[in-house]
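Student: Before I ask anything, let me first share the structure, which is written out below as structure tokens.
Number of protein chains: 2
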Amino acid sequence: MIKEQIPDIIVGRLPRYLRTLLLLRETKTTTNSKELGELLGFSAAQIRKDLSQYGEFGKQGTGYNIDYLIDSLNRILNTDKNWDILLVGVGQLGQAILNYPGFLKHGFLVKAAVDNNPEIIGQKFNSCVVQDVRNMKEIITENQIQIAMVAVPAEKAQEIAEELVEAGIKAILSYAPATLTLPSQIRVEYSDPLISLQHITYYL
Amino acid sequence: MIKEQIPDIIVGRLPRYLRTLLLLRETKTTTNSKELGELLGFSAAQIRKDLSQYGEFGKQGTGYNIDYLIDSLNRILNTDKNWDILLVGVGQLGQAILNYPGFLKHGFLVKAAVDNNPEIIGQKFNSCVVQDVRNMKEIITENQIQIAMVAVPAEKAQEIAEELVEAGIKAILSYAPATLTLPSQIRVEYSDPLISLQHITYYL
DNA sequence: ACGTGTGAATTTCTTCACAGCC
DNA sequence: GGCTGTGAAGAAATTCACACGT
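Protein sequence lines correspond, in order, to chains A and B.
Residues are numbered in our numbering as their position in the first sequence, beginning at 1, plus a constant of 2.
Residues are numbered in our numbering as their position in the second sequence, beginning at 1, plus a constant of 2.
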């Protein structure tokens, strides 16, 4: 695949561009690298260079058509289709995830949720019935799910992650404060407020 | 301050080093850059270079004393003391935050929480009584709070953030899927699973 | 022999600055 | 005139490789 060589640091900025464009779309039809840069805190040159990795989306003298750039970015990020997600761990955080409408709005559907707590299994959150974690593998296979969100305690995260990989999961978004060690072809992202807080306090 | 010139990209890795060391401490007293690197997915050279920015923590031939390095990192990150935090927005996510014990375990105390919903105001979560958002400024001043977590809807995030800055907040951890535009001396971090998911799908 | 700390080399990322097109 | 796309320049981050202490 050609796009393998585009640096991950650039890929990581694309979703931010997309988000800002969605906001701008509400009030205008055109923007430019200067405006985007100011809204995001990046340089205009960087935005132009990043986008130019994927094609020529702008027009000299005019800038970028917002709708067109949004469509393009969605295509690049593979977010022009819907993705099914498996949630592992339906504690307080997991429940908040199930009830949060933002994922679906951006094409991410929490298709199934599993837990090991008998009191949670069978409960319904936002039309998703929690299933037994012991059925995890079949759920993944049957629904051909590629992405899992992990919202289990830190001590359980590695173990769960390995089971997920074995069951065929391709990418994991982990909310657990733990570093996962997995085969390199598995994509792992962390949503980890503790790390962020510790980063913040450095500067205070 | 001298440390201003140490690149933020290095600072951002320090909390990860700290986390791994806390894990290692349970089974050993000494480690080295190779082991840390393997656990974290960084090169050994990078870990040595990062740490050397702040002093000489290791011993040739031996490696690093884990306890000593943990103490050192805590001092560097300012996490050797406790921090009070204000939570803005006590919806589902906010409630999960209030009930999550992990913050306190690492020295972050959610000292106060505010919301604008009359049904939520007055409710108690994990010994924290939700107060009216209209009292936000006094709460910040009286408790001399420097860090705020923002767990409000995306549309409200910018407005709330500006009020926080006006009230004297120095750093914000935002859970809202929105880019905040604030004075540069305010430190902002994001905990944003949607961005992470969109980053993930690029590779699927 | 082992593993740190570090200048030097290398690679990667960002910004510059401008030709070219609207 | 305005703004993109892009080679070239510059800055920053990472890795190399080894002297040196244990």
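Here a beta-carbon is modelled for each residue, glycine too, at the ideal position from N, C-alpha and C.
Less than 9 Å between the C-beta atoms of I123(A) and V112(A), yes or no?
Tutor: Translated into positions along the first sequence, residue 123(A) becomes position 121. Translated into positions along the first sequence, residue 112(A) becomes position 110. In this structure, V112(A) does not lie closer than 9 Å to I123(A) by Cβ.
Student: Counting only Cβ pairs nearer than 7 Å, list the residues of chain A close to F110(B).
Tutor: Translated into positions along the second sequence, residue 110(B) becomes position 108. Here the neighbours are L199.
Student: What's the gap between the Cα of L20(A) and the Cα of F44(A)?
Tutor: Counted from its first residue, the first sequence places residue 20(A) at position 18. Counted from its first residue, the first sequence places residue 44(A) at position 42. Approximately 14 Å, taken between the alpha carbons.
Student: Using a C-beta cutoff of 9 Å, does K172(A) count as contacting chain B?
Tutor: On the first sequence, position 170 is the one that residue 172(A) refers to. Output row for K172(A): interface = yes.
Student: Measure how close the beta-carbons of S193(B) and P9(A) come, nearest whole angstrom, since I'm counting them as under 8 Å.
Tutor: Numbered from 1 along the second sequence, position 191 holds the residue referred to as residue 193(B). Numbered from 1 along the first sequence, position 7 holds the residue referred to as residue 9(A). Between P9(A) and S193(B) the Cβ distance is about 24 Å, and since that is not below 8 Å, they are no contact.
Student: Which residue wins for smallest C-alpha separation from Q146(B), given the options N84(B), Q97(B), I171(B)?
Tutor: Translated into the one-based positions of the second sequence, residue 146(B) becomes position 144. Considering only alpha carbons, the answer is I171(B).
Student: On the DSSP letters alone, give me the boundaries of the alpha helix (DSSP H) that Q48(A) sits inside.
Tutor: The residue given as residue 48(A) occupies position 46 in the first sequence. 46–54 is the extent of the alpha helix (DSSP H) around Q48(A).
Student: Between F105(B) and chain A, is there a C-beta pair that is closer than 9 Å?
Tutor: Here residue 105(B) is taken as the residue at index 103 of the second sequence, counted from 1. True, the Cβ-Cβ gap to chain A drops below 9 Å.
Student: Name the chain A residues whose beta carbon is nearer than 7 Å to that of V154(B)?
Tutor: Numbered from 1 along the second sequence, position 152 holds the residue referred to as residue 154(B). Residues of chain A passing the Cβ test: none, with the nearest at roughly 13 Å.
Student: Select from S176(A), S74(A), Y205(A), Q160(A) the residue whose C-alpha is nearest the C-alpha of I87(A).
Tutor: Translated into positions along the first sequence, residue 87(A) becomes position 85. Selected option, being the one with the closest Cα: S176(A).
Student: For E40(B), does the three-state DSSP call read helix, strand or coil?
Tutor: Taking the first residue of the second sequence as position 1, residue 40(B) is located at position 38. Three-state result, E40(B): helix.
Student: Taking the alpha helix (DSSP H) that F105(B) falls in, what are its first and last residues?
Tutor: As a first step, residue 105(B) must be located in the second sequence, where it is residue number 103. First-last of the alpha helix (DSSP H) with F105(B): 104–107.
Student: Take N84(B) and list the residues in its own chain whose beta-carbon comes closer than 8 Å to its own, dropping the five residues that flank it on each side.
Tutor: What you label residue 84(B) is simply residue 82 of the second sequence in a count that begins at 1. Answer for N84(B): G109, F110, L111, listed in chain order.
Student: Does the separation of the CB atoms of M138(B) and V90(B) fall below 9 Å?
Tutor: By 1-based counting over the second sequence, the position of residue 138(B) is 136. By 1-based counting over the second sequence, the position of residue 90(B) is 88. For M138(B) and V90(B), yes; Cβs fall inside 9 Å.
Student: Establish whether the CB of E191(B) and some CB of chain A are separated by less than 9 Å.
Tutor: Start at 1 with the first residue of the second sequence, and residue 191(B) comes out as number 189. Yes, E191(B) counts as interfacial toward chain A.
Student: How long is the line joining the alpha carbons of E157(A) and S54(A), rounded to whole angstroms?
Tutor: If you number the first sequence from 1, residue 157(A) lands on position 155. If you number the first sequence from 1, residue 54(A) lands on position 52. Rounded to whole angstroms, E157(A) to S54(A) spans 43 Å at the Cα level.
Student: So that I know if they touch, is there some Cβ in chain B lying closer than 9 Å to that of P195(A)?
Tutor: If you number the first sequence from 1, residue 195(A) lands on position 193. Yes, contact with chain B.
Student: To the nearest whole angstrom, what separates the beta carbons of I197(B) and P17(A), a pair I think is in contact under 8 Å?
Tutor: Counting from 1 along the second sequence, the entry for residue 197(B) is found at position 195. Counting from 1 along the first sequence, the entry for residue 17(A) is found at position 15. About 5 Å separates the two Cβ atoms, so the contact holds.
Student: Just to make sure I have the definition right: I need the residues of chain B whose C-beta is within less than 7 Å of the C-beta of L38(A). Which are they?
Tutor: By one-based count along the first sequence, residue 38(A) stands at place 36. Under the 7 Å cutoff, chain B gives no residues; its nearest Cβ is about 11 Å from L38(A).
Student: So what does DSSP say about K5(A), is it helix, strand or coil?
Tutor: Taking the first sequence and counting its residues from 1, one reaches residue 5(A) at position 3. Because K5(A) carries a pLDDT of 44, less than 50, the predicted location of this residue cannot be relied on, and the following value inherits that uncertainty. K5(A): helix per DSSP, three-state reduction.
Student: Which residue comes first and which comes last in the alpha helix (DSSP H) that contains K139(A)?
Tutor: If you number the first sequence from 1, residue 139(A) lands on position 137. K139(A) -> alpha helix (DSSP H) spans 138–145.
Student: Are the beta-carbon atoms belonging to I68(B) and L42(B) less than 9 Å from one another?
Tutor: Residue numbering aside, residue 68(B) sits at position 66 when the second sequence is read from its first letter. Residue numbering aside, residue 42(B) sits at position 40 when the second sequence is read from its first letter. No, they are not a contact pair.
Student: What are the boundary residues of the alpha helix (DSSP H) that L25(B) is part of?
Tutor: The count along the second sequence starts at 1 and reaches residue 25(B) at position 23. Per DSSP, L25(B) belongs to the alpha helix (DSSP H) from 16–27.
Student: So L79(A) packs on Q62(B), CB below 8 Å; how close in whole Å?
Tutor: Translated into positions along the first sequence, residue 79(A) becomes position 77. Translated into positions along the second sequence, residue 62(B) becomes position 60. Incorrect: roughly 47 Å between the Cβ atoms, too far for contact.
Student: Whose C-beta lies closer than 8 Å to the C-beta of N101(B) among residues of the same chain, with five residues either side of it excluded?
Tutor: Numbered from its first residue, the second sequence carries residue 101(B) at position 99. Same-chain partners within the cutoff: F127, N128.
Student: Which class does S176(A) belong to by DSSP, given the choice of helix, strand or coil?
Tutor: Counting from one through the first sequence, the residue named residue 176(A) turns up at place 174. Strand at S176(A).
Student: Would you identify the three-state DSSP class for G96(B), choosing helix, strand or coil?
Tutor: In the second sequence, residue 96(B) corresponds to position 94, counting from 1. Residue state, collapsed to three classes: helix.
Student: Quick test of your reading: G39(B) and A46(B), contact by CB under 8 Å. State the CB separation rounded to the nearest angstrom.
Tutor: Residue mapping note: residue 39(B) aligns to position 37 of the second sequence, counting from 1. Residue mapping note: residue 46(B) aligns to position 44 of the second sequence, counting from 1. With a Cβ gap of about 4 Å, G39(B) and A46(B) count as contacting.
Student: Under the rule that 16 or more other beta-carbon atoms within 10 Å means buried, what is E191(B), buried or exposed?
Tutor: As a position in the second sequence, residue 191(B) is number 189, starting the count at 1. Classification of E191(B): buried, given that the 10 Å Cβ count is 16 or more.
Student: Once the 5 residues before and after L184(A) are set aside, which same chain residues still bring their CB inside 8 Å of it?
Tutor: As a first step, residue 184(A) is located in the first sequence; it is residue number 182 there, counting from the start. Answer for L184(A): A163, E164, V167, I174, V190, listed in chain order.
Student: Using the rule of at least 16 other Cβ atoms within 10 Å of the residue's Cβ for burial, across every protein chain shown, is D71(A) buried or exposed?
Tutor: Position 69 of the first sequence holds residue 71(A). Residue 71(A) is actually Leu in this sequence, not Asp. Counting Cβ neighbours within 10 Å, L71(A) comes out buried, since at least 16 surround it.
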